[in-house]
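One structure is given here, and the rest of the page talks about it.
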Amino acid sequence: MTTFDPHAPLHPAPDPWSDLPAPSARTGPPWHMTDMIAAEPFLAERILERFGDPSGPAGRLAGAIGQAASSGAAIIVTGCGTSEHAAQAAVEILREGLRSGGLPSGPSTIQAAQAFELALDPATGGLVIGISHEGGTPATIRALEASAAAGARTALITGSAGSPAAAATAPEMVLATVEMDHGWCHTVGYLSPIVAAAAVADELAGRTTDGGLVRDLLASGAADETGAEAIAAILAECRTVITVGSGADRPAARELALKIEEAAWLPTTMRDLETFLHGHLPAMDSTTGLVLILTDRTDRAARVARARQALAAAKAVGVRAAAIVGRDVHGQLDGGLTPAGRLRVDEVKALPAPLAALLGSATPLQLLTERIARTRGTNPDLIRRDDPVYRAAADAAG
(Lines of atoms letter the chains of each structure in order from A and count residues from 1; the text may use other names and numbers.)
(Lines give C-alpha, C1' and ligand atoms only; values in the text may rest on other atoms or scores of the structure.)
Protein backbone atom coordinates (compact mmCIF):
# COMPACT_ATOMS: atom_id res chain seq x y z
CA MET A 1 0.00 0.00 0.00
CA THR A 2 1.30 3.45 -0.94
CA THR A 3 2.17 5.62 2.04
CA PHE A 4 -0.22 8.54 2.35
CA ASP A 5 1.22 11.99 3.07
CA PRO A 6 -1.43 14.08 4.89
CA HIS A 7 0.53 17.27 4.23
CA ALA A 8 0.46 16.91 0.44
CA PRO A 9 -2.32 18.43 -1.68
CA LEU A 10 -5.07 16.02 -2.66
CA HIS A 11 -5.79 15.23 -6.30
CA PRO A 12 -8.00 17.68 -8.21
CA ALA A 13 -11.11 16.64 -10.13
CA PRO A 14 -10.58 15.05 -13.56
CA ASP A 15 -9.98 17.52 -16.40
CA PRO A 16 -12.12 17.44 -18.48
CA TRP A 17 -14.65 16.85 -15.74
CA SER A 18 -16.16 13.42 -15.17
CA ASP A 19 -17.63 11.59 -12.20
CA LEU A 20 -14.90 10.57 -9.83
CA PRO A 21 -14.02 6.89 -10.16
CA ALA A 22 -14.92 4.46 -7.41
CA PRO A 23 -12.43 4.61 -4.54
CA SER A 24 -9.83 1.89 -4.66
CA ALA A 25 -10.95 -0.99 -2.44
CA ARG A 26 -8.90 -1.54 0.69
CA THR A 27 -9.20 -4.70 2.73
CA GLY A 28 -8.87 -2.93 6.07
CA PRO A 29 -7.80 0.28 7.79
CA PRO A 30 -6.33 2.72 7.25
CA TRP A 31 -9.27 3.49 5.00
CA HIS A 32 -9.34 6.36 2.54
CA MET A 33 -11.56 8.01 5.16
CA THR A 34 -8.72 7.64 7.67
CA ASP A 35 -6.37 9.40 5.27
CA MET A 36 -8.81 12.21 4.58
CA ILE A 37 -9.27 12.95 8.28
CA ALA A 38 -5.50 13.17 8.65
CA ALA A 39 -5.26 15.50 5.64
CA GLU A 40 -8.00 17.92 6.64
CA PRO A 41 -6.01 20.21 8.98
CA PHE A 42 -3.55 21.00 6.20
CA LEU A 43 -6.22 21.12 3.51
CA ALA A 44 -8.16 23.73 5.49
CA GLU A 45 -5.08 25.92 5.75
CA ARG A 46 -4.58 25.72 1.98
CA ILE A 47 -8.21 26.62 1.26
CA LEU A 48 -7.95 29.73 3.42
CA GLU A 49 -4.79 30.72 1.56
CA ARG A 50 -6.47 30.04 -1.81
CA PHE A 51 -9.34 32.40 -1.00
CA GLY A 52 -7.30 35.04 0.81
CA ASP A 53 -7.28 37.58 -2.04
CA PRO A 54 -10.09 40.14 -1.49
CA SER A 55 -10.39 40.60 -5.25
CA GLY A 56 -10.83 36.85 -5.78
CA PRO A 57 -13.92 34.64 -5.74
CA ALA A 58 -14.47 34.83 -1.96
CA GLY A 59 -14.46 38.61 -2.14
CA ARG A 60 -16.86 38.60 -5.10
CA LEU A 61 -19.27 36.27 -3.34
CA ALA A 62 -19.06 38.38 -0.18
CA GLY A 63 -19.96 41.42 -2.28
CA ALA A 64 -23.00 39.65 -3.70
CA ILE A 65 -24.08 38.51 -0.23
CA GLY A 66 -23.66 41.99 1.20
CA GLN A 67 -25.62 43.53 -1.66
CA ALA A 68 -28.48 41.06 -1.23
CA ALA A 69 -28.60 41.50 2.54
CA SER A 70 -28.54 45.29 2.31
CA SER A 71 -31.39 45.33 -0.20
CA GLY A 72 -33.54 42.93 1.82
CA ALA A 73 -33.28 40.18 -0.79
CA ALA A 74 -33.19 36.56 0.30
CA ILE A 75 -29.94 34.60 0.45
CA ILE A 76 -30.36 30.83 0.17
CA VAL A 77 -27.65 28.18 0.49
CA THR A 78 -28.50 24.76 -0.91
CA GLY A 79 -27.15 21.26 -1.45
CA CYS A 80 -27.83 17.54 -1.04
CA GLY A 81 -26.53 14.97 1.44
CA THR A 82 -23.25 16.03 3.00
CA SER A 83 -23.39 19.21 0.92
CA GLU A 84 -26.80 20.02 2.41
CA HIS A 85 -25.25 19.83 5.87
CA ALA A 86 -22.36 21.97 4.67
CA ALA A 87 -24.94 24.45 3.36
CA GLN A 88 -26.56 24.59 6.80
CA ALA A 89 -23.13 25.12 8.33
CA ALA A 90 -22.34 27.85 5.80
CA VAL A 91 -25.52 29.69 6.79
CA GLU A 92 -24.36 29.79 10.43
CA ILE A 93 -20.91 31.05 9.41
CA LEU A 94 -22.12 33.61 6.88
CA ARG A 95 -24.82 34.96 9.21
CA GLU A 96 -22.13 35.68 11.80
CA GLY A 97 -20.01 37.34 9.10
CA LEU A 98 -22.92 39.58 8.12
CA ARG A 99 -23.55 40.49 11.75
CA SER A 100 -19.88 41.26 12.41
CA GLY A 101 -19.79 43.38 9.26
CA GLY A 102 -22.73 45.46 10.44
CA LEU A 103 -25.06 44.10 7.76
CA PRO A 104 -28.61 42.72 8.16
CA SER A 105 -28.32 39.23 9.62
CA GLY A 106 -31.72 38.15 10.93
CA PRO A 107 -33.10 34.63 10.52
CA SER A 108 -34.85 35.55 7.27
CA THR A 109 -31.77 37.17 5.72
CA ILE A 110 -29.94 33.93 4.97
CA GLN A 111 -31.38 30.43 5.08
CA ALA A 112 -30.60 26.89 3.94
CA ALA A 113 -32.83 24.93 1.58
CA GLN A 114 -32.84 21.34 0.34
CA ALA A 115 -31.91 21.43 -3.35
CA PHE A 116 -34.75 19.23 -4.66
CA GLU A 117 -37.34 21.39 -2.91
CA LEU A 118 -35.69 24.60 -4.07
CA ALA A 119 -35.73 23.39 -7.67
CA LEU A 120 -39.50 22.88 -7.39
CA ASP A 121 -40.09 26.25 -5.72
CA PRO A 122 -37.13 28.38 -6.80
CA ALA A 123 -36.08 31.73 -5.49
CA THR A 124 -37.46 34.56 -7.64
CA GLY A 125 -34.75 37.01 -6.68
CA GLY A 126 -31.87 37.48 -4.29
CA LEU A 127 -28.92 35.09 -4.24
CA VAL A 128 -28.76 31.29 -4.31
CA ILE A 129 -25.47 29.62 -3.34
CA GLY A 130 -25.13 25.97 -4.29
CA ILE A 131 -22.75 23.56 -2.61
CA SER A 132 -21.66 20.41 -4.45
CA HIS A 133 -18.27 18.83 -3.78
CA GLU A 134 -17.96 16.91 -7.03
CA GLY A 135 -20.20 19.35 -8.88
CA GLY A 136 -22.43 16.74 -10.47
CA THR A 137 -25.46 16.51 -8.16
CA PRO A 138 -28.53 16.78 -10.43
CA ALA A 139 -30.87 18.26 -7.81
CA THR A 140 -28.39 21.01 -6.94
CA ILE A 141 -27.83 21.81 -10.61
CA ARG A 142 -31.58 22.00 -11.18
CA ALA A 143 -31.98 24.28 -8.14
CA LEU A 144 -29.35 26.66 -9.53
CA GLU A 145 -30.86 26.61 -13.01
CA ALA A 146 -34.43 27.06 -11.80
CA SER A 147 -33.48 29.90 -9.47
CA ALA A 148 -31.52 31.68 -12.20
CA ALA A 149 -34.46 31.31 -14.59
CA ALA A 150 -36.78 32.76 -11.93
CA GLY A 151 -34.60 35.83 -11.44
CA ALA A 152 -32.10 34.95 -8.71
CA ARG A 153 -28.37 35.44 -8.93
CA THR A 154 -26.43 32.20 -8.39
CA ALA A 155 -23.07 31.16 -6.97
CA LEU A 156 -21.37 27.85 -6.24
CA ILE A 157 -18.90 26.34 -3.79
CA THR A 158 -17.47 23.18 -5.34
CA GLY A 159 -14.36 21.10 -5.75
CA SER A 160 -14.27 21.58 -9.51
CA ALA A 161 -14.64 24.76 -11.57
CA GLY A 162 -15.12 22.52 -14.61
CA SER A 163 -18.11 20.65 -13.21
CA PRO A 164 -21.70 20.68 -14.54
CA ALA A 165 -22.78 22.65 -11.47
CA ALA A 166 -20.17 25.28 -12.29
CA ALA A 167 -21.49 25.44 -15.85
CA ALA A 168 -24.86 26.44 -14.38
CA THR A 169 -23.26 29.42 -12.61
CA ALA A 170 -21.40 32.50 -13.81
CA PRO A 171 -17.65 31.67 -13.74
CA GLU A 172 -16.80 34.63 -11.54
CA MET A 173 -19.20 33.32 -8.88
CA VAL A 174 -17.63 29.86 -8.56
CA LEU A 175 -15.44 29.12 -5.53
CA ALA A 176 -13.40 26.02 -6.37
CA THR A 177 -11.76 24.32 -3.40
CA VAL A 178 -9.92 22.10 -5.95
CA GLU A 179 -8.82 19.17 -3.78
CA MET A 180 -11.12 16.15 -3.93
CA ASP A 181 -12.21 13.50 -1.45
CA HIS A 182 -10.68 10.06 -1.97
CA GLY A 183 -13.72 8.17 -0.66
CA TRP A 184 -17.47 8.25 -1.08
CA CYS A 185 -18.10 8.73 2.66
CA HIS A 186 -17.34 12.41 2.28
CA THR A 187 -15.20 14.07 4.90
CA VAL A 188 -13.27 16.58 2.79
CA GLY A 189 -16.56 17.21 0.99
CA TYR A 190 -18.04 18.42 4.30
CA LEU A 191 -15.09 20.42 5.56
CA SER A 192 -14.03 22.19 2.35
CA PRO A 193 -17.19 24.30 1.86
CA ILE A 194 -17.22 25.16 5.56
CA VAL A 195 -13.72 26.60 5.25
CA ALA A 196 -14.65 28.35 2.01
CA ALA A 197 -17.62 29.92 3.80
CA ALA A 198 -15.25 31.10 6.53
CA ALA A 199 -13.16 32.88 3.89
CA VAL A 200 -16.28 34.61 2.56
CA ALA A 201 -17.36 35.57 6.09
CA ASP A 202 -13.92 37.11 6.59
CA GLU A 203 -14.55 39.39 3.61
CA LEU A 204 -17.95 40.38 5.00
CA ALA A 205 -16.50 41.16 8.42
CA GLY A 206 -13.19 42.70 7.30
CA ARG A 207 -10.93 40.23 9.09
CA THR A 208 -8.58 37.32 8.42
CA THR A 209 -8.99 33.86 9.94
CA ASP A 210 -5.73 32.44 11.27
CA GLY A 211 -5.05 29.31 9.23
CA GLY A 212 -2.76 27.97 11.93
CA LEU A 213 -5.56 28.10 14.50
CA VAL A 214 -7.85 26.26 12.11
CA ARG A 215 -5.22 23.63 11.35
CA ASP A 216 -4.49 23.02 15.02
CA LEU A 217 -8.17 22.84 15.99
CA LEU A 218 -8.86 20.22 13.33
CA ALA A 219 -5.77 18.23 14.26
CA SER A 220 -6.61 18.22 17.96
CA GLY A 221 -10.13 17.05 17.15
CA ALA A 222 -8.78 13.86 15.62
CA ALA A 223 -6.21 13.18 18.33
CA ASP A 224 -8.24 11.17 20.86
CA GLU A 225 -8.28 7.87 19.02
CA THR A 226 -8.52 5.88 22.26
CA GLY A 227 -11.59 7.82 23.36
CA ALA A 228 -13.24 7.41 19.97
CA GLU A 229 -12.57 3.68 19.99
CA ALA A 230 -14.12 3.30 23.45
CA ILE A 231 -17.29 5.13 22.38
CA ALA A 232 -17.40 3.22 19.10
CA ALA A 233 -17.27 -0.12 20.92
CA ILE A 234 -20.49 0.77 22.75
CA LEU A 235 -22.38 2.43 19.90
CA ALA A 236 -21.51 -0.38 17.48
CA GLU A 237 -23.60 -2.76 19.59
CA CYS A 238 -26.70 -0.55 19.51
CA ARG A 239 -29.79 -1.16 17.40
CA THR A 240 -30.13 2.53 16.56
CA VAL A 241 -28.26 5.76 17.29
CA ILE A 242 -29.66 9.24 17.87
CA THR A 243 -27.55 12.35 17.35
CA VAL A 244 -28.54 15.56 19.11
CA GLY A 245 -27.48 19.15 18.55
CA SER A 246 -28.52 22.76 19.12
CA GLY A 247 -27.54 26.05 17.50
CA ALA A 248 -24.49 25.80 15.26
CA ASP A 249 -24.07 22.17 16.33
CA ARG A 250 -27.15 21.07 14.40
CA PRO A 251 -25.44 20.72 11.01
CA ALA A 252 -22.73 18.61 12.66
CA ALA A 253 -25.31 16.37 14.35
CA ARG A 254 -27.03 15.84 11.00
CA GLU A 255 -23.71 15.07 9.34
CA LEU A 256 -22.79 12.57 12.06
CA ALA A 257 -26.09 10.76 11.52
CA LEU A 258 -25.43 10.52 7.80
CA LYS A 259 -21.83 9.45 8.28
CA ILE A 260 -22.72 6.61 10.67
CA GLU A 261 -25.35 5.30 8.27
CA GLU A 262 -23.03 5.54 5.25
CA ALA A 263 -19.90 4.19 6.89
CA ALA A 264 -21.13 1.73 9.52
CA TRP A 265 -24.60 0.81 8.16
CA LEU A 266 -26.16 1.54 11.55
CA PRO A 267 -29.59 3.27 11.54
CA THR A 268 -29.06 6.79 12.91
CA THR A 269 -31.37 9.79 13.24
CA MET A 270 -30.71 13.40 14.17
CA ARG A 271 -32.92 15.29 16.62
CA ASP A 272 -32.75 18.94 17.59
CA LEU A 273 -32.02 19.21 21.31
CA GLU A 274 -35.51 20.38 22.23
CA THR A 275 -37.23 18.11 19.71
CA PHE A 276 -35.55 15.09 21.29
CA LEU A 277 -37.63 15.65 24.43
CA HIS A 278 -41.00 15.85 22.69
CA GLY A 279 -42.36 12.36 22.12
CA HIS A 280 -39.33 10.38 20.96
CA LEU A 281 -38.23 8.73 24.21
CA PRO A 282 -40.83 5.90 24.18
CA ALA A 283 -39.00 4.34 21.22
CA MET A 284 -35.67 4.30 23.10
CA ASP A 285 -34.14 1.82 25.52
CA SER A 286 -30.83 0.16 26.30
CA THR A 287 -30.38 -0.78 22.64
CA THR A 288 -30.33 2.91 21.68
CA GLY A 289 -27.12 4.90 21.41
CA LEU A 290 -26.95 8.67 21.58
CA VAL A 291 -24.31 11.25 20.70
CA LEU A 292 -24.81 14.81 21.93
CA ILE A 293 -22.78 17.49 20.14
CA LEU A 294 -22.41 20.64 22.23
CA THR A 295 -19.58 22.90 21.13
CA ASP A 296 -21.41 26.14 20.21
CA ARG A 297 -20.48 28.77 22.78
CA THR A 298 -23.37 31.09 21.82
CA ASP A 299 -26.08 31.01 24.52
CA ARG A 300 -24.18 28.13 26.02
CA ALA A 301 -25.65 28.25 29.53
CA ALA A 302 -29.16 27.63 28.20
CA ARG A 303 -27.98 24.87 25.87
CA VAL A 304 -26.03 23.12 28.63
CA ALA A 305 -28.99 23.28 31.01
CA ARG A 306 -31.33 21.72 28.46
CA ALA A 307 -28.74 19.15 27.41
CA ARG A 308 -28.38 18.12 31.05
CA GLN A 309 -32.12 17.42 31.17
CA ALA A 310 -32.05 15.55 27.86
CA LEU A 311 -29.20 13.33 29.00
CA ALA A 312 -30.93 12.66 32.32
CA ALA A 313 -34.08 11.60 30.47
CA ALA A 314 -32.05 9.36 28.17
CA LYS A 315 -30.31 7.79 31.15
CA ALA A 316 -33.65 7.03 32.80
CA VAL A 317 -34.65 4.74 29.92
CA GLY A 318 -31.23 3.12 29.58
CA VAL A 319 -29.92 4.94 26.49
CA ARG A 320 -26.17 4.60 26.00
CA ALA A 321 -25.14 8.23 25.70
CA ALA A 322 -21.88 9.74 24.51
CA ALA A 323 -20.95 13.32 23.68
CA ILE A 324 -18.69 15.57 21.65
CA VAL A 325 -18.38 18.69 23.79
CA GLY A 326 -16.33 21.81 24.25
CA ARG A 327 -13.78 21.52 27.03
CA ASP A 328 -15.60 24.13 29.08
CA VAL A 329 -18.84 22.16 28.71
CA HIS A 330 -17.18 18.97 29.92
CA GLY A 331 -16.91 20.26 33.47
CA GLN A 332 -20.56 21.34 33.50
CA LEU A 333 -22.01 17.89 32.76
CA ASP A 334 -21.86 15.07 35.30
CA GLY A 335 -19.88 12.13 33.96
CA GLY A 336 -22.73 9.75 34.69
CA LEU A 337 -24.84 11.44 32.02
CA THR A 338 -22.59 10.16 29.23
CA PRO A 339 -21.61 6.63 30.28
CA ALA A 340 -20.45 5.77 26.75
CA GLY A 341 -17.77 8.47 26.92
CA ARG A 342 -16.87 11.90 25.58
CA LEU A 343 -14.66 13.51 22.98
CA ARG A 344 -13.57 16.99 24.03
CA VAL A 345 -13.16 19.88 21.62
CA ASP A 346 -10.71 22.72 22.20
CA GLU A 347 -12.26 26.11 22.94
CA VAL A 348 -10.76 28.54 20.38
CA LYS A 349 -12.25 31.89 21.28
CA ALA A 350 -10.15 33.69 18.67
CA LEU A 351 -12.45 32.15 16.05
CA PRO A 352 -16.08 33.25 15.60
CA ALA A 353 -18.41 31.05 17.63
CA PRO A 354 -20.15 29.22 14.76
CA LEU A 355 -16.89 28.56 12.95
CA ALA A 356 -15.16 27.35 16.11
CA ALA A 357 -18.04 24.96 16.78
CA LEU A 358 -18.31 23.58 13.26
CA LEU A 359 -14.57 23.13 12.80
CA GLY A 360 -14.17 21.83 16.33
CA SER A 361 -16.73 19.07 15.85
CA ALA A 362 -15.82 18.13 12.26
CA THR A 363 -12.86 15.83 12.83
CA PRO A 364 -14.19 14.28 16.08
CA LEU A 365 -17.45 13.26 14.41
CA GLN A 366 -15.54 11.84 11.46
CA LEU A 367 -13.06 10.01 13.68
CA LEU A 368 -15.90 8.52 15.73
CA THR A 369 -17.64 7.39 12.55
CA GLU A 370 -14.50 5.76 11.22
CA ARG A 371 -13.97 3.90 14.48
CA ILE A 372 -17.58 2.67 14.55
CA ALA A 373 -17.03 1.33 11.04
CA ARG A 374 -13.86 -0.43 12.17
CA THR A 375 -15.67 -1.99 15.11
CA ARG A 376 -18.54 -3.19 12.94
CA GLY A 377 -16.19 -4.44 10.23
CA THR A 378 -17.54 -2.22 7.45
CA ASN A 379 -15.64 -0.35 4.74
CA PRO A 380 -16.64 3.33 4.96
CA ASP A 381 -15.08 4.33 1.66
CA LEU A 382 -17.52 2.57 -0.66
CA ILE A 383 -20.74 3.25 1.32
CA ARG A 384 -21.76 -0.35 0.58
CA ARG A 385 -21.80 0.11 -3.20
CA ASP A 386 -19.43 -2.83 -3.60
CA ASP A 387 -22.49 -4.97 -2.74
CA PRO A 388 -24.56 -5.54 -5.92
CA VAL A 389 -27.81 -5.01 -4.00
CA TYR A 390 -26.77 -1.57 -2.79
CA ARG A 391 -25.14 -0.72 -6.12
CA ALA A 392 -28.50 -1.44 -7.74
CA ALA A 393 -30.20 0.75 -5.12
CA ALA A 394 -27.84 3.62 -5.93
CA ASP A 395 -28.49 3.18 -9.65
CA ALA A 396 -32.25 3.16 -9.04
CA ALA A 397 -31.96 6.41 -7.09
CA GLY A 398 -30.37 8.10 -10.11
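In the numbering used here, each residue's number is its place in the sequence shown (first place is 1) plus 818.
Using N, Cα and C, we set each Cβ at its ideal position, and we do this for glycine too.
Taking C-beta separations shorter than 8 angstroms and ignoring five residues to either side along the sequence, the partners of PRO982 in its chain run TRP835, GLY953, GLY954, ILE959, following chain order.
For MET998, the three-state secondary structure derived from DSSP is coil. Using a C-beta cut-off of 8 angstroms, the segment 1170 to 1181 makes contact with the segment 909 to 928, since at least three inter-stretch Cβ pairs fall below that distance.
Annotated three-state conformation of ARG844 is coil, per DSSP. DSSP places GLN932 in the strand class (E or B) of the three-state scheme. Taking 7 angstroms as the cut-off, the beta carbon of ALA1016 is found no closer than this to the beta carbon of GLY944.
Contact between the segment 920 to 938 and the segment 850 to 867 is absent, with fewer than three C-beta pairs closer than 8 angstroms. If you check the CB distance, ALA1158 and ARG1138 come in under 7 angstroms.
Per DSSP, reduced to three states, the secondary structure at MET1088 is strand. Shown here, ILE1078 sits in a helix according to DSSP, grouped into three states. For ILE894, the secondary structure class from DSSP, reduced to helix, strand or coil, is strand. Rounded to whole angstroms, the gap between the alpha carbons of ALA857 and ALA826 is 8 angstroms.
With fewer than 16 other Cβ atoms inside 10 Å of its own Cβ, PRO1085 counts as exposed. Counting along the chain, ALA1014 sits inside the alpha helix (DSSP H) bounded by residues 1006 to 1023.
The Cβ atoms of LEU1108 and ILE1049 do not sit closer than 7 angstroms to each other. Looking at the backbone, the Cα of THR995 and that of LEU879 are separated by about 14 angstroms. In this structure, SER1064 lies near ARG1121, with their beta-carbon atoms less than 7 angstroms apart. Each of PRO1170, ASP1164, ASP1199, ILE883 was checked against the Cα of LEU1035, and the nearest Cα belongs to ASP1164. A straight-line Cα-Cα distance of about 30 angstroms links GLY1001 and GLY877. Taking 7 angstroms as the cut-off, the Cβ atoms of THR1181 and ILE855 count as close. Membership of ALA973 in the beta strand (DSSP E) is indicated by the continuous run 971 to 976.
Measuring C-alpha to C-alpha distances from ALA904 to each of ALA979, VAL1006, LEU838, ALA961 identifies VAL1006 as the nearest. When rounded, the separation of the alpha-carbon atoms in LEU1183 and ALA1070 is 8 angstroms. Taking C-beta separations shorter than 6 angstroms and ignoring five residues to either side along the sequence, the partners of PRO922 in its chain run ALA887, following chain order. In the DSSP assignment, VAL1059 falls within the unbroken beta strand (DSSP E) covering 1058 to 1063. The straight-line gap separating the alpha-carbon atoms of ILE1201 and GLU1092 is approximately 31 angstroms.
DSSP places ALA1211 in the helix class (H, G or I) of the three-state scheme. Rounded to the nearest angstrom, the gap between the Cα atoms of VAL895 and ALA930 is 5 angstroms.
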